[in-house]
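Oh and the sequence shown: position 116 is 115 in numbering that gives the first Met the number 0, straight run, nothing missing.
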Amino acid sequence: MSEPSDRAGLSEKPAPPNWILHHPAYQQMKDLEVEDSAQVHAAFLVYMDLTEVRQWKDVSCVKSTEPDVVLLEGRKKEGSPVQTVLPLPVHQSLSHRSIRRVLDRGFPMLLCAVASDSTLVYQRMTDGLVTPDPPAGPFQDVGRRQHRKRRQQH
């Protein structure tokens, strides 16, 4: 008969090390000594999205003392203004005071909610109310008179 396979003699390979823990950006975030490890992990996921997917420039991490979080700062493209991104796990709450502290840094702010499945949702935060941009697309204004004319024809 055939020889037993060599697989029986091989031991299982150990699980590969978690590459995130060895990434230089993650190490830099850990060096900021933010107490909430979930927020540091969320900040790293947002960092990777901004740098690798969205191709932001000059992305760096800074520590905020109030709230005690890792903030990201970067530019959408060369020459554009610096923006602050506040990565936050979805289970973590945030007070108005904390948002105000981040807004007072003087840069436009994005709040990024990070779900447990690594889904990221960005929300622009502003100082005060901002009127929305007009809708884009080929829309026609259907006034009341046109609506009445259609009703009368039926």
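Here a beta-carbon is modelled for each residue, glycine too, at the ideal position from N, C-alpha and C.
Since the model is a prediction, treat every value here as computed from it, not as a measurement.
Counting only the same chain and skipping the five closest in sequence on each side, list residues whose C-beta sits under 6 Å from that of residue i.
{"i": "residue 48", "result": "119"}
{"i": "residue 17", "result": "none"}
How about residue i and residue j: are their beta carbons less than 7 Å apart?
{"i": "residue 83", "j": "residue 70", "result": "yes"}
{"i": "residue 101", "j": "residue 41", "result": "no"}
{"i": "residue 88", "j": "residue 111", "result": "no"}
{"i": "residue 97", "j": "residue 66", "result": "yes"}
{"i": "residue 99", "j": "residue 109", "result": "no"}
{"i": "residue 31", "j": "residue 75", "result": "no"}
Taking 7 Å as the limit between beta carbons, can you name the residues of its chain near residue i, skipping five residues before and five after?
{"i": "residue 26", "result": "none"}
{"i": "residue 50", "result": "58"}
{"i": "residue 104", "result": "83"}
{"i": "residue 56", "result": "73, 74, 76 and 77"}
Applying the criterion that 16 or more other CB atoms from any shown protein chain within 10 Å of the CB defines a buried residue, is residue i buried or exposed?
{"i": "residue 43", "result": "buried"}
{"i": "residue 45", "result": "buried"}
{"i": "residue 33", "result": "buried"}
{"i": "residue 19", "result": "exposed"}
{"i": "residue 4", "result": "Residue confidence for residue 4 is low, a pLDDT of 49 falling below 50, so the modelled location carries little weight; the figure read from the coordinates is stated next. Looking at its Cβ environment, which holds fewer than 16 other Cβ atoms inside 10 Å, residue 4 is exposed."}
Here's a check: name, in chain order, each residue in its chain whose Cβ is nearer than 8 Å to the Cβ of residue i, leaving out the five neighbours to either side.
{"i": "residue 106", "result": "72, 80, 81, 82 and 83"}
{"i": "residue 156", "result": "With the chain represented from 0 up to 153, any question about residue 156 goes unanswered, as that position is not in the structure."}
Are there any heavy atoms of the ligand COA lying less than 6 Å away from the beta-carbon of residue i, as far as the coordinates show?
{"i": "residue 67", "result": "With respect to the ligand COA, the structure shown offers nothing to examine, as it has no ligands at all."}
Pick out the complete beta strand (DSSP E) segments inside the stretch 24-76, 3 residues or longer, and give them in chain order. Correct list: 56-63 and 68-74.
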